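J.: First the structure, then my questions, so here it is.
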Amino acid sequence: MAYAPGAGDILPFIVPIGEWIVEVPNNAAGRGVTIGVGVGIVALGLRTLLGREKFMVGVE
């Protein structure tokens, strides 16, 4: 809505709100996903190195 043509003319207060929504919550979600993937990769690496991940070492 904030980037719709004419939205700033009709509702001028909506543009800063739209920019905030695009910047703050969107960046927070991206950081959360990045941190989650990083923790998962480290955990899988440790399990593999310690031999706890049966699939990666070939034991069934």
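Just so you know, the sequence shown maps onto residues 65 to 124 in our numbering.
Think of the CB as a built atom: it goes at the ideal place given N, C-alpha and C, for glycine as much as any other residue.
Since we're looking at a predicted model, the values are computed, not measured.
1. What three-state label does DSSP hand Glu117 in the structure shown?
2. Check Pro69 in the structure and name its three-state DSSP category.
3. Just verifying my parser: in three-state terms, what is the DSSP assignment at Pro80?
4. Check Leu75 in the structure and name its three-state DSSP category.
T.: Result, derived from the coordinates:
1. coil
2. coil
3. helix
4. coil
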